[in-house]
Each structure stands twice: as C-alpha cells, then as structure tokens.
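Structure first, then comments.
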Amino acid sequence: MPAILRLSGSLKDVTGGKSEYTVEAGRSVRAVLESLGIVPLTVALVVVNGEQHTKDYIIQDGDAVRVLAVVGGG
Amino acid sequence: MNGYGGNILRVNLTTGGITREATPPELARDYLGGRGFGIYFLLKEVPRGADPLGPENKLIVSPGPLSGMLAAGGGKCDWTCKAPLTGGYASASMGGHFTAELKYAGLDSIILEGVSSKPVYVFIDDKKSELRDAAEYWGQGAVDVEKELKDKFGEEFQIAVIGPAGEKAVSFAHINHDFGRQAGRGGVGAVMGSKNVKAIVVRGTRSVPVADLDAYRKAGMALYKACKEAEGLKEWTSYGTTIVVSWCDEAGALPTRNFSAGSFEDAKTLYGPYMREKIVVTDKGCFGCPCPCGKYSKVKKYNAYAEGPEYETIGLLGSNVGISDIEAVAYANLLCDNLGIDTISAGNVIGWAMECYEKGILTKQDTGGLDLKFGNIDATFKLIEMIAKKEGLGALLADGVKKASQKIGKGSEKFAIQVKGMEQSGYATHNATSMLLAYMTCDVGAHHNRAWAITYDIQVGREKVVPEKVARVIWLQNFRPMFDVLGACRLQWVELGIDRELYIPLLESITGIKRSWEDLEKVGERIWNLTRLYWVRENADFGRAWDMPPARFYTEAPTSGTTKGQITKFEDVNRLLDMYYEQRGWDSNGLPIPETMEKLGIKQEMVA
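Protein chains in written order, with my numbering: chain A, 10 to 83; chain B, -10 to 597.
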C-alpha cells in the first residue's frame, strides 16, 4: 500500500497547485521534496501518521505524510 | 452604510469636546477602513511638521469592514499617527476584541486630538462617550490597569491602555489590550500618553448592517470551514507563532546577539514544542478566530502568568540578547507588556547596548553598574525597567537605537539594526535579499509583516538579485497590508494557506460592493504610495538614504551558524533599490513620480 504525501500552503505554488502525491516507500521525505522541486528548507514540519518527524524520515508503506510550509511574518 | 459602524468619533482632549460625525461614503469606498482610514486622516488633518508628541498630532484607531463580523480573524484594528520613533508614518495593527466593540458602538474611527490638561480615559458605551478622570491609574502598569478597569466595568467592556512608558513618552511605547495583545510599533503608546490619555474603554451592543444576509452567512461559514479543515491547524494552534523558531534557527534567520548571526547555539530551549511543554497553560484567541495562536504561560521561576511569548519576542528578548531560558523570555515579555514598551524594539536596543558593552564602548559607569553581557537575564530585566522609566542608560535607549547610536558614536551606528529609525524585527537578513529589501522599504521602518519574503529567498536562491524577487516584495507589500485595511488577521491565509478568494464573496456580502483581489491590491498600492508621500512631506531630506539597510548586513558576515561567511554586497543593495524604484514607478531617489501618482488617483493637494 503506497504512502500519501500532502503539501500545505505555499508549497503548492512550487508544484503548480498540486497538493497530493502517491509516493513509494523507502525514500526520505527530503528526497521526495527535492524531486518535486521544493527546497527542503522551506518546510517547517513533517507530520507522519499524526506524529512529527524530521525531513530525513524514511517513508513506509501506508504512511500519511503531511508537509507544512514555513510561514510567518504575521 | 453596509459593513460599517457609520460614525467617526472625534475626541478633542484640549476642549473636552466629543463629537460624532457620519462616516463619508466616499471614504469607505476609496479607503475601505483600518489603515486606509488612518492614512487618510493623517494626511488630511495632521499639519506638516507636527511634533509627534505635541497637540497637533492625532491618534487614529480604526476597525475595517471585516472587523467584528462573521469573518474568521476579524479581530484587528489599526492605530495610525505620526511616529515618535521615526518622525514618519506609524501604523500598528492590534488583535484581540477591542475592534469588535468599536464596530458595535457604531464607530469606524476614533480620532484623539489635542492634549488633555490632566490624565483621563475615554469611556464609550454605545452612543454615550465621555472623558473620565484617570488620576488613580496614572503611573500604573498597563496589564494591571486593564484588570482594574475590567473589574470595574465588567467583561463586556474592552480596554486599550498604556503603561508608564507611554506616559513618559518612550519612543517605542505601545498600547496594550486583552492582557497581552498590542499595537506595538512606532511609539503609538507615547502619542496616547502625550495626550494624557491612559486608556480607551468601549462597549457596543448595536448590530452592523450587511448588504446580503444569506450570502454573508454562507460566505462567512465557508471561511470558517476552510480554517477548521486546513492542513496544519493542529500544529498551528498548538504552537502559534513559535512554530517558526526552530526553522529560523536552521535557516540562519533567528536574530542572535544583536543580529551578528542568524543561528543560536542554545536555541533549542526556545523552540515551540519545548515552550509548549514547559510553560504554556492554555491557548488564547482573538475575536472570532477558529485557530487561536495566542498562548498563556505560567512562569514558575518568577511566580507569574504571562501572555505569550510570541516568536518576535523570543527572537528579540531571547536569542538576540543571548538568553536561552524560555521562562526568562516570558517574564521579560510580561515586564514589557505591563510597563508599556514594544518587545521587538526593546530586545533590539538592549542587544545593541550589550554589544556596545562587550566592545568597551559602554562601561559599567554608563550602565549604572550593570554587567551588560549577552545572556545576563537580571541585567535585561533591569534595563527594561530603566527604559520604561527613562532612568540612567534607559533614558538613552528610550529614544530608539538610531538616536542612541548617533549619540554614542564610536562606530556603534554600524551595528544599530534599524531602518528609518525603527528597530528591525525578528528576522536576520544575512544573504536574504528579498527579506532585506522588504525591511528596507517597509512603510513604517524595519518591520516584517508587510512583506515576509524569506522563504522566497530560500526557494529561488538567497543571494540572487533579480527582478522577480523585487516584484514579489512589491506584490506582498500591496497585498498583505490589505488585511490591516479590512480589519482582519492575515494569519489564516499566511499560516493555514486559506484560499484568499474566500474573502471576496464575504466582503461583497457585507458591503454590497463587488471587489476582486486585483481591485484590492490597487487600493493597497495606492495606500502604499500615500504612506511614502507622507514620509516625503514630513522629512525634507527623505529619499534613497532612508531606505538603506543596517550596515551590518553588507559589511560583516556571521562567523557562525547557517549563514556563516555570507553577506550581501553593497552594490547589490543598490541594485535592489534601483529595481524596486523602477517597478514602483518612483524616481531614482525613491520618490513617486507624477505619472505614478496620477495613475493611482493621488492629487498633489492630498499630500501637500
């Protein structure tokens, strides 16, 4: 069962508005982001199955990965 | 008038007269509200060359058409005046619940003018408005007085109040509300204090007319639903603005030891999750907010409860002064709130003083015996108090870092981190050219919230100086401050990524006037140019030199952290300005040209 990776906020600007990707297990979140043209440093948080992880987390089968953009400057 | 309270409350403190004037429909049409109303009244009514602390200056507080409405985040109002800190334009946005009460009392602006002969507070209960004696509150802390007034009048009344620093005209005194929300920057609290006004107390119970009630309900609920279903809602609500501390540390954007670096070796105890676990006791939201980002903390070490701290305070009163103890930062925050000074300017100017001390430019003789090394918590607390009371070294620092460094000299101007006299807020801009330009050209001085562009730097290449970066900054400057015009919080869009198009049918349903974001950005551009022309009007030598960044960012590279060895070249600073002025339609000295003014419908007499 593949993992689902979802992008939030301004990260969608980089991918032309696409926010959800099906990804194969075994790659790091960082590597997936880079393959999508997203600079990992523009990411604030990686949440996998409801828990925070680093960008170096290796994606497992069935994971629900949420990637949250860095935002600030209220 | 749909979406508006319908009245401007004019409070003449010299005569004691209070009048209600009908809000002109064309004012609402062309300037919408909030900071739009602010710049309109500032240009029209405050004479050229007015002393910021004199009777001619006016303090204007204005909600916007979304304030107090079924609009997620409609809890903002704008405070505008001539700034004591900079001598130019001040516009400070304040959250909480004050703005909704103004609206329900039928008010679209309050204009404070003149000077009272004795301390007073303005009391407003629907149509009833009067000045009341504030002698018993004068000299007391802002947070303390807010509690006293709440106890006296009840929870339904909302209060904006200054601390002792505002009374003493500290140039970065703020206006406090809701026990920790502020109109923070530029010295708006000093202007209120100069008028002998301690507080404004307001309650309103009237309804606000809307153009299309069914469409209003539908559009309002759509915006709320989008917020509640947004990715990141849980994390954003858990950490609020502190979510960004760890990222800033990683990216080299965390102000560290007076902005000499952008990463702090002891930052981990300032990170959002650590703070949440260590001191936060509850979340706290502004009016009508489905995603409350405010935090309330128990500071055991100092036996106190404090609002926050927010990211900016952690950056400036934490890493920027070398402090890694989150409880100390929270307590410093409370001191500033109660004494009535802006935590950003306070942390910036204290960081500068610490650097002066470590370099031997200031000695113990100057500091009144304080060992003002980076990281000295007790010295930081003491200096906050000295600034608010204008005692000893505090009197020098109370004028802001620009004037203080000009007085001290000895090269300290080079590490005074300010633009136009306003202390830079919480993002270090070593080799981050979009963000640097955003600070250089911000309409109140070195503040971040008009154009937060640092992730754009990282996405496209930090060192690049290209027209696309300049265009991005300009677009953000035209667009983001529109939230301060509409009277709404921008964080739902910024932090949760809410589709901004959701605001369009909501605004139309309220006002009955159809406007696209393209239309609103034109209003934003017009206001941006009006604020620029205000600086020009008030400062005979205003021009390019006023837009130059702190010398540190083009003369010294950090020696540690993520941005170690990185610097923006001086010629790139000038290239940024050249491109910015050209894209803005300004001349090479940064002044709007006649064709630009004509395009934006700005007549010379409006800014003369």
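Yeah, the Cβ is synthetic: ideal placement off N, Cα and C, and Gly gets one too.
Note that the coordinates shown come from a computational prediction; the quantities given were computed from them, not determined experimentally.
Contact set for residue i: own chain, Cβ-Cβ below 8 Å, skip 5 residues either direction
i                      : result
residue 407 of chain B : 337, 389, 390, 391, 413, 434, 435, 539
residue 369 of chain B : 306, 310, 312, 317, 321, 339
residue 10 of chain A  : 70, 71
residue 567 of chain B : 577
8 Å contact criterion, which residue i and residue j should meet: CB distance rounded
i                      : j                      : result
residue 155 of chain B : residue 181 of chain B : 6 Å
residue 64 of chain B  : residue 280 of chain B : Incorrect: roughly 12 Å between the Cβ atoms, too far for contact.
residue 189 of chain B : residue 99 of chain B  : 7 Å
residue 363 of chain B : residue 310 of chain B : 6 Å
residue 383 of chain B : residue 75 of chain B  : The Cβ separation is near 20 Å, so there is no contact.
residue 480 of chain B : residue 222 of chain B : At roughly 12 Å, the Cβ-Cβ gap does not stay under 8 Å, so residue 480 of chain B and residue 222 of chain B are not in contact.
residue 131 of chain B : residue 327 of chain B : 6 Å
residue 77 of chain A  : residue 42 of chain A  : Not quite, the Cβ-Cβ distance comes to about 12 Å (not below 8 Å), so this is no contact.
residue 429 of chain B : residue 537 of chain B : 7 Å
residue 476 of chain B : residue 5 of chain B   : Actually they are not in contact, since the Cβ atoms of residue 476 of chain B and residue 5 of chain B sit about 29 Å apart, beyond 8 Å.
residue 203 of chain B : residue 422 of chain B : Going by Cβ atoms, the distance from residue 203 of chain B to residue 422 of chain B rounds to 48 Å, so no, they are not a contact pair.
residue 387 of chain B : residue 160 of chain B : 6 Å
residue 195 of chain B : residue 124 of chain B : About 31 Å; that fails the 8 Å criterion.
Counterpart residues of residue i in DSSP-defined beta bridges
i                      : result
residue 411 of chain B : B:408
residue 192 of chain B : B:114
residue 52 of chain A  : A:78
residue 83 of chain B  : B:66
residue 62 of chain A  : A:55
residue 575 of chain B : B:581
residue 434 of chain B : B:432
residue 283 of chain B : B:273
residue 512 of chain B : In DSSP, residue 512 of chain B forms no bridge with anything.
residue 102 of chain B : B:1
residue -4 of chain B  : B:11, B:96
Proximal residues to residue i (C-beta, below 7 Å), its chain only, five neighbours per side dropped
i                      : result
residue 460 of chain B : 572
residue 127 of chain B : 108, 156, 187
residue 8 of chain B   : -1
residue 543 of chain B : 556, 557, 558, 559, 562
Per-residue burial, residue i [other beta carbons within 10 Å of its own, 16 or more giving buried]
i                      : result
residue 167 of chain B : buried
residue 53 of chain B  : buried
residue 27 of chain A  : exposed
residue 224 of chain B : buried
residue 75 of chain A  : buried
residue 590 of chain B : exposed
residue 58 of chain A  : exposed
residue 584 of chain B : exposed
residue 292 of chain B : exposed
residue 118 of chain B : buried
residue 171 of chain B : buried
residue 354 of chain B : exposed
residue 61 of chain A  : exposed
residue 147 of chain B : buried
residue 582 of chain B : exposed
Neighbourhood of residue i by C-beta, 6 Å cutoff - its chain only, sequence neighbours within 5 removed
i                      : result
residue 45 of chain A  : 24
residue 213 of chain B : 61, 279
residue 295 of chain B : 286, 288, 319, 322, 323
residue 535 of chain B : 409
residue 333 of chain B : 301, 305, 414
residue 402 of chain B : 394
C-alpha distance - residue i paired with residue j, whole-angstrom precision
i                      : j                      : result
residue 554 of chain B : residue 356 of chain B : 32 Å
residue 10 of chain B  : residue 34 of chain B  : 15 Å
residue 375 of chain B : residue 351 of chain B : 16 Å
residue 284 of chain B : residue 526 of chain B : 41 Å
residue 394 of chain B : residue 247 of chain B : 13 Å
residue 81 of chain B  : residue 177 of chain B : 8 Å
residue 660 of chain B : residue 360 of chain B : Here chain B covers residues -10 to 597 and nothing more, so residue 660 of chain B does not appear.
residue 21 of chain B  : residue 104 of chain B : 29 Å
residue 71 of chain B  : residue 531 of chain B : 15 Å
residue 510 of chain B : residue 13 of chain B  : 22 Å
residue 462 of chain B : residue 65 of chain A  : 32 Å
residue 256 of chain B : residue 550 of chain B : 12 Å
residue 499 of chain B : residue 377 of chain B : 42 Å
residue 342 of chain B : residue 207 of chain B : 54 Å
residue 179 of chain B : residue 325 of chain B : 14 Å
residue 48 of chain A  : residue 575 of chain B : 34 Å
residue 114 of chain B : residue 191 of chain B : 6 Å
residue 416 of chain B : residue 19 of chain A  : 19 Å
residue 478 of chain B : residue 399 of chain B : 42 Å
residue 266 of chain B : residue 258 of chain B : 11 Å
residue 308 of chain B : residue 379 of chain B : 25 Å
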